[in-house]
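Using our numbering, read the sequence shown as starting at 40 and increasing by one per residue.
Glycine residues also receive a C-beta, built at the ideal position from the N, C-alpha and C atoms.
Written below as structure tokens is the structure these notes are about.
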Amino acid sequence: AYEVKECDWSSDVCSSDLISSVMNTDPIYVDEDQTITNAVELMLDKSISTVMVAKHDVPIGIVTQYDLMELIASFQKTDGVYVQISGLDVEDSDAYDPMYDLIQKSMKRTAKLVKPKTFTIHVSMHSDGHEEYAGRYQLSGRMITEHEMFYAQSHDWDLLKCLSDLLNQLDRMVRKDKSKKDNRHKKG
40 AYEVKECDWS SDVCSSDLIS SVMNTDPIYV DEDQTITNAV ELMLDKSIST VMVAKHDVPI
100 GIVTQYDLME LIASFQKTDG VYVQISGLDV EDSDAYDPMY DLIQKSMKRT AKLVKPKTFT
160 IHVSMHSDGH EEYAGRYQLS GRMITEHEMF YAQSHDWDLL KCLSDLLNQL DRMVRKDKSK
220 KDNRHKKG
């Protein structure tokens, strides 16, 4: 069955615990040939947020509720970008508006080159066991455009500075990708 252990993730309390002590031993699978609707119905029926994907009874991937939300958002006919921020602590909740402002400005710049569809970002506090890094932000971001997916990470003590760095990384990736495609079209 499914067992959840309470752990202080910033300490070494769980460092010796095996993953088997927290994993679901009866994962729910869908075949790769099934429809997205089948996966959604299964998730709803079983009250789960993730299903494994199998090919000939061999796991080949996973689908999460977040993957499905991004997919749905990517089909929306809108000039805006679906933005999702996760992991922000309650004490940082006042940072939402400034974060959205930074993201909106960045997505407007990006939209001049490619059409961004979704932008997801996960905020976490650095906790690698080194006390000198406690309180340092770690951001992981994913931007999906009409034809590409871009990933970036950033670390900093200041949340907005960290986000700005992450957005600048994504902007450089988009510009580099656009330049490569433009050069291919010129040569072709």
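Reduced DSSP category for L178 - H, G, I as helix; E, B as strand; rest coil: Numbered from 1 along the sequence shown, position 139 holds the residue referred to as residue 178. Strand, per DSSP.
Collapsed DSSP secondary structure at Q192 in the structure displayed: In the sequence shown, residue 192 corresponds to position 153, counting from 1. Here Q192 sits in strand by DSSP.
Should the segment 94–110 be regarded as contacting the segment 134–142, the criterion being three or more beta carbon pairs within less than 8 Å? no
Between G126 and S132, what straight-line distance do the alpha-carbon atoms span, to the nearest angstrom? Within the sequence shown, numbered from 1, the residue matching residue 126 stands at position 87. Within the sequence shown, numbered from 1, the residue matching residue 132 stands at position 93. When rounded, the distance between both Cα atoms is 10 Å.
Extent of the continuous beta strand (DSSP E) run through S125: Taking the first residue of the sequence shown as position 1, residue 125 is located at position 86. Run containing S125: 121–125, per the beta strand (DSSP E) assignment.
Here's the rule: buried if 16 or more other CB atoms are within 10 angstroms of the residue's CB, otherwise exposed. What is P66? Residue 66 sits at position 27 when you count from the first residue of the sequence shown. So P66 ends up on the exposed side.
Length-filtered (3 minimum) beta strand (DSSP E) runs lying within the segment 66–152: 68–70, 89–94, 97–103, 121–125
V162 to L178, Cα distance in whole Å? Translated into positions along the sequence shown, residue 162 becomes position 123. Translated into positions along the sequence shown, residue 178 becomes position 139. Cα to Cα, V162 sits roughly 5 Å from L178.
Please name the residue in K154, W196, V213 whose C-alpha comes closest to that of E185. Indexing the sequence shown from 1 puts residue 185 at position 146. Closest by alpha carbon: K154.
Nearest to T149 by alpha carbon, out of Q123, L209, L81, E71? Residue mapping note: residue 149 aligns to position 110 of the sequence shown, counting from 1. Selected option, being the one with the closest Cα: L209.
Using alpha carbons as the reference points, say which of D106, K151, K219 lies closest to T157. Residue mapping note: residue 157 aligns to position 118 of the sequence shown, counting from 1. Considering only alpha carbons, the answer is D106.
Compute the distance between the beta-carbons of N63 and V69, then report whether it is under 8 Å. Along the sequence shown, one-based indexing puts residue 63 at 24. Along the sequence shown, one-based indexing puts residue 69 at 30. Not a contact, by the Cβ cut-off of 8 Å.
H224 - containing alpha helix (DSSP H), residue span: Within the sequence shown, residue 224 is the residue found at index 185, counting from 1. Residues 198–226.
Could you check the C-alpha separation between M212 and W196 for me, to the nearest Å? If you number the sequence shown from 1, residue 212 lands on position 173. If you number the sequence shown from 1, residue 196 lands on position 157. About 24 Å.
C-beta contact flag for E109 and A93 at 8 Å: As a first step, residue 109 must be located in the sequence shown, where it is residue number 70. As a first step, residue 93 must be located in the sequence shown, where it is residue number 54. No, Cβ-Cβ distance for E109 and A93 is not below 8 Å.
Run of the beta strand (DSSP E) containing M164, from where it starts to where it stops: Translated into the one-based positions of the sequence shown, residue 164 becomes position 125. 155–164 is the extent of the beta strand (DSSP E) around M164.
Taking the straight line between their C-alpha atoms, what separation do you get for I160 and L205? Your numbering for residue 160 matches position 121 in the sequence shown. Your numbering for residue 205 matches position 166 in the sequence shown. Approximately 10 Å, taken between the alpha carbons.
Assuming contact is defined by CB atoms lying nearer than 8 Å, are M91 and V120 in contact in what I supplied? Start at 1 with the first residue of the sequence shown, and residue 91 comes out as number 52. Start at 1 with the first residue of the sequence shown, and residue 120 comes out as number 81. Taking 8 Å as the Cβ cut-off, M91 and V120 do not qualify as a contacting pair.
Roughly how many angstroms lie between the CA atoms of Q143 and Q192, to the nearest whole one? Position 104 of the sequence shown holds residue 143. Position 153 of the sequence shown holds residue 192. The straight-line gap from Cα to Cα measures roughly 18 Å.
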